[in-house]
Amino acid sequence: ERGGGLLRALGITDLVMQPTGPVAPLRHALYQNGWVIMSETLTYDSRWAHVIISAKRPPDPSAVLPRLECDEDVLLGPILKHDRSEVYRYWVEHQLKHYRARHKGCLMQGLQG
C-alpha cells in the first residue's frame, strides 16, 4: 500500500483528488487499499476535462457501497458512468482514444517480440 500506512497513521479518512494522469489506476489502487469512491465529478476548462474524486476510508470497507463491479467501473467510474452530459461524452471519447493507442502499442510489441 503506497502511502496508505502514513494516511492511516495520521487518521486521514477522507480524500479529494484531481488526478493529472490516468484515472483507472487510481480507482483501482483506492479500492485495493480499502478506500471507497463516494463521488466523482467532471469539470471542463477550455481544453481539458478533469475528474475530481472524493474517497472515504471507512472502518469496514467491505460494508460500504458502491464497489467496483467490473472493468467499466475502473475505466469510466462507478459513479461517472451514469453521467450523460456532453462533458462526460467528450471525456469517454478521450479515454477510449488513449486506451486504444496503448492497447495497439502492446499488441505491436507482442508482434515484434
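If you want my numbering, it's the 1-based position in the sequence shown plus 123.
The C-beta atom is built at its ideal place from N, Cα and C for all residues, glycine as well.
Minimum Cβ-Cβ distance from residue i to chain B less than 7 Å
| i | result |
| --- | --- |
| residue 210 | Among the protein chains of the structure shown there is no chain B, as only one such chain exists. |
Cross-strand partners of residue i (DSSP beta bridge)
| i | result |
| --- | --- |
| residue 178 | 138 and 160 |
| residue 172 | 167 |
Cβ pair residue i, residue j closer than 7 Å
| i | j | result |
| --- | --- | --- |
| residue 172 | residue 213 | yes |
| residue 210 | residue 154 | no |
| residue 197 | residue 179 | no |
| residue 163 | residue 138 | no |
Beta-carbon separation (whole angstroms), residue i vs residue j, contact threshold 8 Å
| i | j | result |
| --- | --- | --- |
| residue 218 | residue 175 | Not really, about 16 Å apart at Cβ, beyond 8 Å. |
| residue 165 | residue 194 | Going by Cβ atoms, the distance from residue 165 to residue 194 rounds to 20 Å, so no, they are not a contact pair. |
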